Amino acid sequence: MKLAFVVQRYGLEISGGAELHCRWVAEHMKKYFEVEVLTTKAFDYITWKDHYPRGEEVINGIPVKRFSVTRTRDPKRFGRIQNYILENEHRLEDELKWLEEEGPYSPSLIKYINEHQNDYDYFIFFSYRYYHSYCGINSLPQKSILVPTAEHDPVIYLKIFKDLFRKPRAIIYNSVEEKNMINSLSQNMDVLGDIIGVGTEIPSQFSSEGFRRKYQIGGDYIIYIGRIDKNKGCHKLFDCFLRFKDEIGSDIKLVLVGSNKLKIPSHSDIAYLGFLSEEDKFSALEGALLLMMPSFYESLSMVTLEAWALRIPVLANARCEVLKGQCMRSNAGLFYENYEEFREALGLLISSPGLCEAMGKNGQEYFRQNYTWEVIENKYLSILDQLEKEK
Amino acid sequence: MTDKKEQKKFIKKEEINIDYDNIDVADIMDQIKRKIATQPIKAAEGDLKNEAFYSSFGPSPAGPEEPSGTKAKVKKLLLRVMKPFSPLIKVMIFPVHQETQNNFDQTNRRLDLLNEKLEGELGKIHEKLDHLNQATNKRVDLAFEGLNKALEYTKLLHSLSHNIVVELTKLKIEQENLKVKIRIMEKDFEFLGRKEKAIEKEIFK
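These protein sequence lines map, in sequence, to chains A and B.
Following numbering that gives the first Met the number 0, the numbering of the first sequence begins with 0 at its first residue and continues without gaps.
Following numbering that gives the first Met the number 0, the numbering of the second sequence begins with 0 at its first residue and continues without gaps.
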């Protein structure tokens, strides 16, 4: 069997959720099938400008075919169109215009898929909201599998996506909440689907002590790992954390890891470390008291799974249904809807090492049961097996 | 300092019952919510902060209740009615000094002069407009006359055409009748010719 993984960007240096998800699944499926990746030459997810010069290369043993983005995204224009379609009555053509503007607009990728459809058994599309998934699935629904990586953001309610979720042969969801949202939105219960998610790659060597020495971090700290961005709720995290410090007088620190798109408050107990290597990231996570997840929109949150894999509990934003659901299913994280709940939950976790330990243990168990690569691979194999039987 | 000590009570874990062998986060969160609900509401500053934080997480909690009763309703209604006049009321309650009064008088005189000028100009414009109107009316009357004549001619032409068509139709029918008569006469003539030949034969036998 030959599988094509179709994704908006692909590369070892790309750490975006869906892209990393795609790469890891592709690399694990390589054990069972012939695998290829079809993607664009883009690196920057804002403009999708061509970055990779070569059309073909091999990454970790997987052939990667890259196609040019013929029209880059103009963020201002895109913002205008998006605001218009989200705030006004509009036509289907407006939504298609939005989709083209969102990109990555690469008709050559779609042309390749159409012309070489007989070379592959299945095309696995990642991220429902981009041009490649919409056009690819519409032109080849009988061979399409969709991994939506959908969050509860307003664009999912566009008419074009309602139909899109009914078309592929199968859909691989990241969480129960994502499945429920898509099912209720498009009534696609008859489309084969399973909640699979993604595993994680834990480096063989990492040390929290080494991390503390290297970055001179002393005492207890909580950690946030990910893009430091308003969309991820980081500004609210800063507000809550500083108010917590002010009210409680705790000496807890907040360590921030990831690329920064937001002004970080200048405070002696907030340490921004920038983008770290995987070893340093896991070292930092292992030494933390808990992982903070202030994001409003998540499809799965791989970093949450990584924390649980290391027995670290999570304090998540309850406004994100997926995070709240994951915390409740795993019993490995608390969640907050407002500052008072944040204060009480964080205070409880700080003052109760036994609770952190017990929740960490639950998290690790939840991870073992649902998110080890063995489990993930078997679920993918089962889906493909069912599709083969239906042929 | 006392405040901080007082606030530290929020993180006392004893107030939350936890079964460490069987953690239930939903239950822990319920206990936290109940605990928050029983905490006294803080002073004004705290309230303001709370409001800001609530608004940042979503819809803010209900504000203080407004006074009820007929008096309050009347007051509310009056405030709503008078709202458009509030700038004027504000101007009226300002103290008017002599200098300001003089300025007002000067401005009023200037306005009167401007008003007179404006009225004169408007009168001239009206006159011009009347002339234009009369000329336009004459032209319109002429145009209507021509139009009516054209209409009559058209009617006559239409009637004429109709009559010609009727006459032509009659002539056509007449022509057809004559053709039929000619054909009958030809046949009669042919018959008479044959009869003549037959009689001649009988005579000259």
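Every residue, glycine too, gets a C-beta built ideally from N, C-alpha and C.
Since we're looking at a predicted model, the values are computed, not measured.
In chain order, Asn182 place their CB closer than 8 Å to the CB of Met188(A), counting only its own chain and leaving out the 5 sequence neighbours on each side. For Asn259(A), DSSP records a beta bridge to Ile227(A). In the assembly as shown, Asn162(B) is an exposed residue. Its beta-carbon has fewer than 16 other beta-carbons within 10 Å. Taking Val68(A) as the centre and dropping the five residues before and after it, the same chain places the C-beta of Thr39, Lys40, Ala41, Trp47, Lys48, Asp49, Gly102, Pro103, Tyr104, Ser105 closer than 8 Å to its C-beta, in chain order. Assignment of beta-bridge partners to Met292(A) by DSSP yields Ala315(A). Considering only Ile349(A), Cys319(A), Gly359(A), the residue with the shortest C-alpha distance to Phe295(A) is Cys319(A). Annotation: the continuous alpha helix (DSSP H) that includes Asp384(A) extends over 372-389. In the DSSP annotation of this structure, the continuous segment of the beta strand (DSSP E) that includes Phe125(A) starts and ends at 121-125. At a cut-off of 7 Å, the C-beta of Asn369(A) has no neighbouring C-beta in chain B. In the assembly as shown, Gln141(A) is an exposed residue. Its beta-carbon has fewer than 16 other beta-carbons within 10 Å. Counting along the chain, Pro62(A) sits inside the beta strand (DSSP E) bounded by residues 61-66.
Scanning the region 183-214 of chain A for uninterrupted alpha helix (DSSP H) segments of 4 residues or longer gives 207-214, listed from N- to C-terminal end.
Within the DSSP bridge table, the entry for Tyr104(A) names Arg70(A) as partners. Following the DSSP letters along the chain, one finds Glu285(A) inside the alpha helix (DSSP H) bounded by residues 277-286.
At a cut-off of 7 Å, the C-beta of Met188(A) has no neighbouring C-beta in chain B. If you draw a straight line from the Cα of Glu277(A) to the Cα of Lys161(A), it comes to about 37 Å. Annotation for Glu33(A): the continuous beta strand (DSSP E) segment containing it runs 33-39. For Asp187(B), no pairing in a beta bridge is given by DSSP. For Ile15(B), the residues of chain A that pass the 7 Å Cβ criterion are Leu347, in the order they occur in the chain. Membership of Gly332(A) in the beta strand (DSSP E) is indicated by the continuous run 332-335. Here Gly196(A) really is in contact with Tyr370(A); their C-beta atoms are around 6 Å apart, less than 8 Å. Each of Ser267(A), Lys96(A), Tyr338(A) was checked against the Cα of Asp238(A), and the nearest Cα belongs to Tyr338(A).
In the structure shown, the three-state DSSP call for Lys252(A) is strand. Within chain B, the residues whose beta carbon sits less than 8 Å from that of Gly332(A) are Val24, listed in sequence order. Taking all protein chains in view, the Cβ of His157(B) is surrounded by fewer than 16 other Cβ atoms within 10 Å, so the residue is classified as exposed.
Going by C-alpha positions, Phe77(A) is about 13 Å away from Tyr129(A). With at least 16 other beta carbons inside 10 angstroms of its own, Gly16(A) counts as buried. Every unbroken stretch of the beta strand (DSSP E) spanning 3 or more residues and falling wholly within the region 134-178 of chain A is given here in chain order: 143-146, 169-172. Phe4(A): member of the beta strand (DSSP E) spanning 1-5, first to last residue.
At a Cβ-Cβ threshold of 7 Å, Trp307(A) and Ala283(A) do not count as neighbours. Pairing Glu35(A) with Leu380(A), the inter-Cα distance amounts to about 17 Å.
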